[in-house]
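In the numbering used here, the protein residues as written are 1 to 426. Just so you know, even glycine gets a beta-carbon here, dropped at the ideal spot from N, CA and C.
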Amino acid sequence: MAKISPFPALRYNLSQVNAQEVLTQPYDKITPAMQEEYYARSSYNLVRVILGKPEAGDGDSANVYTRAKRYLHDWRASGVLTQDPEPSFYLYVQEFTVPGSTATKRRSGLIAAGQLHDYADKVVFRHEQTLAKPKSDRLNLLRATRTHAGQIFMLYTDPEKKVERLLANPGAPLVDVTDDYGVRNQLWRISDAKTIAGIQDALGDKKLMIADGHHRYETALAYRDERRAAAGKTDASASYERVMMTLVNTADEGLAILPTHRVVHGLKNLSVPDFLNKISPDFEMEQIEDGKKTLAEASSGTNLRLISKNGNYFLRARPESVNRKLAHLSPAQRELDVIVLHKMLLEGALGMSEESIRNQEHIHYVREADEATERVRKGEAEMAFLIEPVRIEEMEAVAFAGEVMPQKSTDFYPKLLSGMTFYSLE
């Protein structure tokens, strides 16, 4: 099952740089405005490596990837990045307020080098689909830098919390930084041999499920296969046989999954009354006054909330319709609101293709319900579908069955900061 190893991480030398000025959100969460801000903060900001700016005259010999390689080389040579003296695990704790509430949570994770497994091995499981373009970009970066600067967010299940007990008194943190979202991020190095052995034993029988980082995990697999082919053999001890990951227990009280709402725009000749009439055989509809009820307060069986200029509705999928129209899917998938939304409403009633949805041709993904609603009110969209977050039990049922959900089905909060640790493959 899961095989994890300590590693001597590269880390920013905080006697030379300010952590708040060099660490970033994951590459796929960095907007153009954030990229500009990161560039301005420090000449050592990690964005130059994980999401560099194209320049005039870029080509095969000079591009974002070659520059990323040069930055890492120069930072190591100048002592901005230094390597820990011995293989270690790293305790990574985040304290945060859940968006849209006043609830404060604390989530703990263990950064380690985890053995790469093909999905067919049934050790690492995915739960979402991936796209070719992001994987190609990440593979080019990994080929150039031979370094992982961000962690794959992995989940395992241990109600007894064996790892947490081993790490109960870590001492003073090496890193203590608050990010742009008000999340406090702390890091400790765990190098005690007995503790390391205990952690490996505690996780040795666990299955792992990717929470965030599907593209980067599959990139690491592709890179491993390239290196195996070049070597003409498999060397289990090779650094490229592993990837840096943060492992979080599904029993952690700080595990938070947020909903991602769907905003529909740009569909020609879309009539909301016609849409409602079309879905009426398959959905019970309850018209509601704006803002009077949340999904959580709605009647049992509510799948979705529809926001439109013609009115707002709770949509309750009829079980017999779900079972008939989604008979080709497993029971675990048929129980998911996001599957009902995609298959019966977006693809079915609205006629969108899976490809157009993947390409986000008529779909925007929005975290905040108020933002989704406002886009409809302003006429920027025809309708919005508000959903409740996927529960971890639902996610496990789909993943362990070897199935996948649509993109943006889960939004784990907060994201893991990139640059807390680096895993060099050289």
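Just measuring C-alpha positions, the residue of 139, 154, 23 and 426 sitting nearest residue 114 is 154. Here residue 305 is buried. Its C-beta has 16 or more other C-beta atoms within 10 Å. Around the beta carbon of residue 234, fewer than 16 other beta carbons sit within 10 angstroms, so the residue counts as exposed. The shortest C-alpha to C-alpha distance from residue 175 to any of 76, 365 and 23 is the one to 23.
Residue 338 sits in a helix when the DSSP states are folded into three classes. Only buried fits residue 92, as 16 or more other CB atoms lie within 10 angstroms of its CB. For residue 151, same chain residues with a beta-carbon under 7 Å away, outside a window of 5 residues either side, are 111, 244, 245, 246 and 416 in chain order.
The Cβ atoms of residue 44 and residue 80 lie closer than 8 Å to each other.
Residue pairing by DSSP places residue 112 opposite 245 in a beta bridge.
For residue 35 and residue 411, the gap between their C-alpha atoms comes out near 21 Å. Restricting attention to 314, 187, 413 and 179, the CA atom closest to the CA of residue 169 is found in 187. Scanning its chain for C-beta atoms nearer than 8 Å, with the 5 sequence neighbours on each side dropped, one finds around residue 341 the residues 262, 303, 304, 385 and 387, in chain order.
For the pair residue 272 and residue 308, the CB atoms are nearer than the 8 Å cut-off. Three or more beta-carbon pairs separated by less than 8 Å are not found between the segment 114 to 129 and the segment 190 to 198, which leaves the two stretches without contact. In the structure shown, residue 16 falls within a coil segment according to DSSP collapsed to helix, strand and coil. With a threshold of 16 other beta carbon atoms within 10 Å, residue 212 meets it and is buried. With respect to the C-alpha of residue 103, the residue from 179, 347, 183 and 68 having the closest C-alpha is 183. The residues 115, in chain order, have a CB closer than 6 Å to that of residue 3 in the same chain once the five nearest residues on each side in sequence are set aside. Residue 148 has its alpha-carbon roughly 15 Å from the corresponding atom of residue 6. Of the candidates 256, 219 and 369, the residue whose Cα lies closest to the Cα of residue 107 is 256. In the three-state reduction of the DSSP assignment, residue 324 falls in the helix class. Distances from the alpha-carbon of residue 171 to those of 189, 179 and 421 put 189 closest.
Comparing alpha-carbon positions, the option among 331, 121 and 336 lying closest to residue 316 turns out to be 336. Residue 352 sits in coil when the DSSP states are folded into three classes, being neither helix nor strand. Taking 8 Å as the upper bound for CB-CB distance, residue 84 and residue 9 are in contact here, some 5 Å apart. Per the C-alpha coordinates, the member of 146, 364 and 407 positioned closest to residue 131 is 407. Residue 413 has 256 as its beta-bridge partners, per DSSP.
Counting the other Cβ atoms within 10 Å of the Cβ of residue 379 gives fewer than 16, which makes it exposed.
Contact check for residue 279 against residue 220 fails: the beta carbons are separated by 8 Å or more. Taking all protein chains shown into account, residue 94 has 16 or more neighbouring C-beta atoms within 10 Å of its C-beta and is therefore buried.
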